[in-house]
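Single-structure report; data block below.
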Amino acid sequence: MSEWSTGRSGFPPAYLDRVGSSFTDFLSVTAPDLLPGRRPVPQLPVHDLAPHGTTIVAATYGGGVLMGGDRRATMGNMISSRDIEKVYPADSYSVIGIAGAAGIAIEMVRLYQVELEHYEKIEGLTLSLDGKANRLAQMIRGNLGAALQGLAVVPLFAGFDLDAAEGASPGRIFSYDVTGGNYEERGYATVGSGSLFARNSLKKTWRPGLAGDAALRTVVEALYDAADDDSATGGPDPVRRLYPIVYRVDAEGAVRLVDDEVAAVARTITDERTAAEGQG
Amino acid sequence: MPFYASPEQLMRDKSEYARKGISRGRSVAVVTYADGVLFIAENPSPTLHKVGELYDRIGFAAVGRYSEFESLRVAGVRLADVRGYSYNRRDVTGRVIANAYAQTLGAIFTEQMKPYEVELCVAEVGDSPETDQLYRLTFDGSVVDEPDFVVMGGQAEAVTGHLRENYTQGMGLAEALRVGVRALSAVSPVTAGAGNGGQSQLTAAQLEVAVLDRRRPKRAFRRVVGAALGSLLDGGSGTGAPVAQTAAPHHAPTHPQPGTPPGLGSPDEPDTAGGSEGTGEGSGPQPAADDGEGGGTR
């Protein structure tokens, strides 16, 4: 860091220019080395060297939206973490879940959180939900070079739309591709290595306008099904008391569900499948 | 412009110019109370703020020329966010921001023709009343660490005198607000006609009030507006009954108004921006406070 950060000299001119309210744009002028997209891209694919996060599931329900993620990160055939957290609050009314290269993804989430808070402090207003989703797309777009070398980051974004029209569902989900494509999803969405199995599970269990607890069950069950068939997705782990992380976003804001609540749902599902004599 | 003026004369002229500009404006009082720091500004505009949030535990108040202190506020937010992002949220302190302001104001005062006509206060709320910090910064870049309260603007001397008489340490929010508003009202031109049947106190519409509340888990800054401000002001003559605002951290809003940003809407409907009062790790909307960074991981 340069001398200004120690407080020995005043603000450099860029700090006093009233140009924009975006933190990322500001960093690209004053400290571009802090931005994930500005570093040289590795020349060779680095697939198995970096931990990768796996499955994220989001589903809307009557009062908002739920997002859950398993706890596993893998490096090739190895489990690199059993208790990684892959779902984060982006601000008070939205959450972000990440699949892909964990290091870059978590850095991107941090940057994105500061981006939203920075805008809020400077403008005195929060961005619209579509504005937030769009901003995230631009961040993913900047990572395309690294994505092609095996360091792809694919997030899932969900939030409670405070400006939702009467009758429209206030919970909304946005999915992304590695090129920064941004697609609004209807009802539910999945991302990551186990996403195929999770989506098939949701297809059978999710219905429009579910109640909150029924929706929680569909999310946890989808993660269970993903863990069942995908080696890179971790299932509920009663031995270490590790259960999926689930966030709920409703009119009261984004809240992480306590482990006991998720554990109870996970136990119900395992019990029912055990009772099915191994056919579950 | 004369061909030569002595440095003393130049500095004196600039000081006088800046002082004049500041004294035309209305006053702002920053007062510490039991649970944090209270900002009271006489400000009829609901959108051109004199008080703002810099970081989790740090607030900002200013008097003088709006365009000048607004660009300083934005610079402060940028410095705080860049530091917090590149180090850790805990590494952002009021002292660092106050130093940057002092250096900048000092450089502008000595090097530029026209000094900034502003006076700033950077307030930081700590874990206990003893660790609260108030820094007052003047147009020439001098910085003073003040105890208890800071008054800036037009009639700062008179307001300070009034506050010195009535201020006591450890006041509650309602009482601190009452004392502060009475001090500001005593010198405000709006209440000059009090003897002739005019209003004797500034009303909620003429005030901009905000607090840094140490009990809030992450972002301590909150504006006190609308009904909550009204009841706090009215409660002044009564018993200081508990108001919605003080209960704020314990529950989340039920019906946020569309487009109302958290922390800026009605305090009856507290935001969850700083996280609800959690029941343990991860129950709030923000990452657990003890991980110390915005989007930390393990």
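For the protein sequence lines, the chains are A and B, in the order given.
FYI, the numbering for the first sequence is 1 to 280, going by this note's numbering.
FYI, the numbering for the second sequence is 281 to 578, going by this note's numbering.
All C-beta atoms in this analysis are idealised placements derived from N, C-alpha and C, irrespective of residue type, glycine included.
Per DSSP, the beta-bridge partners of arginine 416/B are Cys401/B and Val424/B. No Cβ-Cβ contact shorter than 8 Å links alanine 321/B with valine 311/B. Close to lysine 121/A, with beta-carbon spacing below 7 Å, are these residues of chain B in chain order: Glu333 and Val357.
When the beta-carbon positions are compared, valine 491/B and leucine 318/B come within less than 8 Å of each other. Less than 8 Å separates the beta-carbon of threonine 233/A from that of arginine 72/A. With a beta-carbon spacing of about 30 Å, glutamate 455/B and valine 398/B fall beyond the 8 Å limit used to define contacts. Distances from the CA of glutamine 138/A to each of Met75/A, Gly253/A, Asp271/A and Thr24/A were compared; the closest alpha carbon is that of Thr24/A.
Contact annotation: isoleucine 173/A and valine 153/A have beta-carbon atoms that are not nearer than 8 Å.
For valine 114/A, the neighbours in chain B by C-beta distance under 8 Å run, in chain order, Asp361, Gly364, Tyr365 and Gly574.
Serine 295/B is outside the set of residues whose beta carbon lies under 8 Å from a beta carbon in chain A. Taken through DSSP and simplified to helix, strand or coil, tyrosine 188/A comes out as strand. Within chain A, no C-beta atom comes less than 9 Å from the C-beta of valine 461/B; the nearest is roughly 23 Å away.
For valine 46/A, no beta strand (DSSP E) segment is defined, and its DSSP state is neither H nor E. Taking 8 Å as the upper bound for CB-CB distance, valine 219/A and leucine 66/A are in contact here, some 5 Å apart. The distance from the Cβ of valine 191/A to that of leucine 156/A is about 5 Å, consistent with a contact at the 8 Å cut-off. A distance below 8 Å between beta-carbons, with the five flanking residues on each side excluded, links lysine 132/A to the following residues of its chain, in chain order: Ala90, Asp91, Ser94, Leu116, Phe157 and Gly159. Within a 10 Å sphere around the beta-carbon of isoleucine 79/A sit fewer than 16 other beta-carbons, which makes this residue exposed. Just so you know, the alpha carbons of glutamine 113/A and leucine 136/A end up roughly 10 Å apart. A straight line joining the alpha-carbon of valine 459/B with that of arginine 375/B spans about 28 Å. For glutamate 322/B, DSSP records a beta bridge to Leu487/B. For leucine 34/A, a Cβ of chain B is located within less than 8 Å of the residue's own Cβ. The alpha carbon of tyrosine 61/A has as its nearest neighbour, out of Glu252/A, Ala276/A, Thr270/A and Pro208/A, the alpha carbon of Pro208/A. In the DSSP assignment, valine 246/A forms a beta bridge with Gly68/A. Rounded to whole angstroms, the gap between the alpha carbons of alanine 14/A and glycine 20/A is 11 Å. Taking one beta carbon from each stretch, the segment 415-433 of chain B and the segment 358-372 of chain B have fewer than 3 pairs nearer than 8 Å; the two do not touch. According to the DSSP assignment, aspartate 91/A belongs to the beta strand (DSSP E) that extends over 87-91.
Contact annotation: the segment 268-277 of chain A does not touch the segment 394-410 of chain B, with fewer than three C-beta pairs closer than 8 Å.
Threonine 471/B: not part of any alpha helix (DSSP H); DSSP gives it neither H nor E. Note that the segment 477-484 of chain B does not touch the segment 409-429 of chain B; fewer than 3 beta-carbon pairs, one per stretch, sit closer than 8 Å. Tyrosine 367/B sits exposed, since fewer than 16 C-beta atoms from the chains shown fall within 10 Å of its C-beta. In the pairwise beta carbon analysis, the segment 298-314 of chain B is classified as not touching the segment 242-254 of chain A: fewer than three pairs are separated by under 8 Å. Only residues of its own chain outside the window of five on either side were considered, and among them Lys330 and Glu488 have a CB closer than 6 Å to the CB of asparagine 323/B, listed in chain order. Residue nearest to valine 505/B within the set Arg494/B, Thr483/B, Arg499/B and Arg496/B is Thr483/B (criterion: CA-CA distance). Against chain B, the beta carbon of tyrosine 15/A has neighbours under 7 Å at Ala355, Arg358 and Leu359, listed in chain order.
DSSP places proline 409/B in the helix class (H, G or I) of the three-state scheme.
A contact between stretches requires three or more CB pairs, one per stretch, nearer than 8 Å, and the segment 226-241 of chain A meets this requirement with the segment 50-61 of chain A.
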